[in-house]
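Residue 60 in my numbering sits at position 46 of the sequence shown, with consecutive numbering throughout.
Virtual Cβ for every residue (Gly too), placed ideally from N, Cα, C.
From a predicted model like this one, the values you see are computed outputs, not experimental measurements.
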Amino acid sequence: QLPCCAMPDQQAQLGHEPLPREAQTISAILRSMGVAHYEPRVLHQLLEFMHRYCIEVFRDGADYAEHAGRSGTIECEDVHLALKLKSAA
Numbered sequence: 015q016l017p018c019c020a021m022p023d024q025q026a027q028l029g030h031e032p033l034p035r036e037a038q039t040i041s042a043i044l045r046s047m048g049v050a051h052y053e054p055r056v057l058h059q060l061l062e063f064m065h066r067y068c069i070e071v072f073r074d075g076a077d078y079a080e081h082a083g084r085s086g087t088i089e090c091e092d093v094h095l096a097l098k099l100k101s102a103a
């Protein structure tokens, strides 16, 4: 069992596989917010939330691109619009 907030280098010392890059990023964000202890499943929940959120944004962006006549090609503007509208909701 990993300590609840083992750093990637600590994991290697403990003989565990390093965390995926996305999980390391979320762990760093938690540390930057002063969160020193959390259950390992917190990372999994935040990764799942991030994944679902990104999928929704990109799907919305694809819809906006299709509406603009660019089916199959998503541009930054489409993603920006999707994010703007999502945050306004």
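Counting other Cβ atoms within 10 Å of its Cβ, tyrosine 78 reaches 16 or more and is therefore classed as buried. Residue burial annotation: isoleucine 43 is exposed, with fewer than 16 other C-beta atoms found within 10 angstroms of its C-beta. Relative to the Cα of glutamate 70, the nearest Cα in the group Gln38, Leu95, Thr39 belongs to Leu95. Rounded to the nearest whole angstrom, the CA to CA distance from alanine 76 to threonine 87 is 7 Å.
Annotation: the continuous alpha helix (DSSP H) that includes histidine 65 extends over 54-81.
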